[in-house]
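In my numbering, the protein residues as written are 5 to 326. To start, the structure itself, in structure tokens.
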């Protein structure tokens, strides 16, 4: 019984000690918070504000002025770009050249604007700092952006040499991309295919491969090849082909029109037709003439040759009896 009382007393004493320690820690924490809050009294804040008031107001005004300057100069850059673009359009420059120059001017002017704002912020960036950074980063960027620099140089070459212009239909022989040129920019040229897909090609690739400019001339030669059987009426077929070409309204009568025997093939006599048509009329003209050839040949009972295999079977029994 005595032992149980001693244990109970001991536990109560330990609980009281723990509670007293916790109260002491809580008291110390309250005292620390009170001291911190006392340092942040309105009078202290007002004192700090009065001490750094000029610097704070100056910094806020500077930031606001620089933000306003950014928007104003952005508007001026856009206005300047419009003036340059209109001037270049009046000078009858190619649309691709105008797009290229506009893109270049935009990048340069906005880069200068951002650099000027960074200098005015007084955050340790100066003209010499920017020059040093550009110098040290030049080699690194040159190595990292070899492809982009190649595309830029390729764009310059395309605009100087003019292998094609905006609006031309081209065929790029490297990856066999083809379409109408929509834009020539700093690094890429955009094509729109006949089925309205957009193809973006790096200028470096275009400047290093052969390009077929389909629409650079105002006329295009039409070549059609037709085969007839060896037992067909050759002269009549030639006469029909010539008449079809002469009667078609999209064939240029001022240019050469010819019908000739192109090849004596293993299964047919191949006739060639050559005539000229306007660039914009080429495909419609070709489709109409091919259809007319088929219908006219059918009307005159002239067969258009096609590949066939004749099999001759010999009766061996009859040959033995004979």
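Note that CB positions come from ideal geometry on N, CA and C, so glycine has one too.
Is it buried or exposed for residue i, if we count other Cβ within 10 angstroms and need 16 for buried?
| i | result |
| --- | --- |
| residue 176 | buried |
| residue 264 | exposed |
| residue 291 | exposed |
| residue 260 | exposed |
| residue 230 | buried |
| residue 11 | The predicted model places residue 11 with a pLDDT of 47, which falls under 50 and marks its position as unreliable; any figure quoted below should be read in that light. Looking at its Cβ environment, which holds fewer than 16 other Cβ atoms inside 10 Å, residue 11 is exposed. |
| residue 245 | buried |
| residue 75 | exposed |
| residue 311 | exposed |
| residue 281 | buried |
| residue 5 | In this predicted model, residue 5 has a pLDDT of only 49, less than 50, meaning its place in the structure is not dependable enough to derive any value. |
| residue 207 | buried |
| residue 185 | buried |
| residue 65 | exposed |
| residue 275 | buried |
| residue 17 | Because the pLDDT of residue 17 is 49, which lies under 50, any placement of that residue in the model is unreliable, and the number read from its coordinates should be weighed accordingly. Result: exposed. |
Between residue i and residue j, which are expected to be in contact by the criterion C-beta below 8 Å, what is the C-beta distance as a whole number of angstroms?
| i | j | result |
| --- | --- | --- |
| residue 241 | residue 248 | With 8 Å as the limit, residue 241 and residue 248 do not qualify as a contact, their Cβ atoms being about 11 Å apart. |
| residue 162 | residue 210 | 6 Å |
| residue 279 | residue 226 | 5 Å |
Taking the alpha carbon of residue i as the point to measure from, which residue in the options has its own alpha carbon closest?
| i | options | result |
| --- | --- | --- |
| residue 289 | 99, 122, 246, 255 | 255 |
| residue 4 | 309, 118, 84, 202 | This structure leaves residue 4 out entirely; the chain is present only between 5 and 326. |
| residue 77 | 61, 115, 63, 187 | 115 |
| residue 294 | 112, 228, 281, 123 | 228 |
| residue 273 | 235, 258, 297 | 235 |
| residue 67 | 111, 122, 109 | 122 |
| residue 304 | 237, 258, 275, 284 | 237 |
| residue 221 | 283, 212, 200 | 283 |
| residue 82 | 297, 110, 250, 61 | 110 |
| residue 73 | 87, 88, 112, 120 | 120 |
| residue 297 | 251, 317, 69 | 251 |
| residue 154 | 224, 88, 212, 65 | 212 |
| residue 104 | 117, 224, 257, 192 | 192 |
| residue 277 | 262, 117, 271 | 262 |
| residue 301 | 243, 266, 258 | 243 |
| residue 258 | 317, 223, 271, 270 | 223 |
| residue 307 | 198, 271, 87 | 271 |
Are residue i and residue j close, meaning C-beta to C-beta below 7 Å?
| i | j | result |
| --- | --- | --- |
| residue 203 | residue 178 | no |
| residue 219 | residue 173 | yes |
| residue 85 | residue 106 | yes |
| residue 327 | residue 99 | Absent from the structure is residue 327, since the part of the chain shown begins at 5 and ends at 326. |
| residue 156 | residue 217 | no |
| residue 215 | residue 181 | no |
| residue 158 | residue 190 | no |
| residue 102 | residue 92 | yes |
| residue 194 | residue 201 | no |
| residue 124 | residue 80 | no |
For chain B, check one thing: does any of its Cβ atoms lie closer than 7 Å to the Cβ of residue i?
| i | result |
| --- | --- |
| residue 105 | No chain B is present in this structure, which holds just one protein chain. |
Checklist line | Sequence ranges, alpha helix (DSSP H) only - wholly within the stretch 249-305, length at least 4 | finding: 286-303
Margin query: Quick check for students: name the residue ranges of the alpha helix (DSSP H) that lie wholly in the stretch 204-251, counting only runs of 4 or more.
Written below: 207-211, 238-251
Next item on the list: Could you name each continuous beta strand (DSSP E) segment of 3 residues or more that falls completely within the stretch 150-206, going from the start of the chain to the end?
Entry: 173-176, 181-188, 192-196, 202-206
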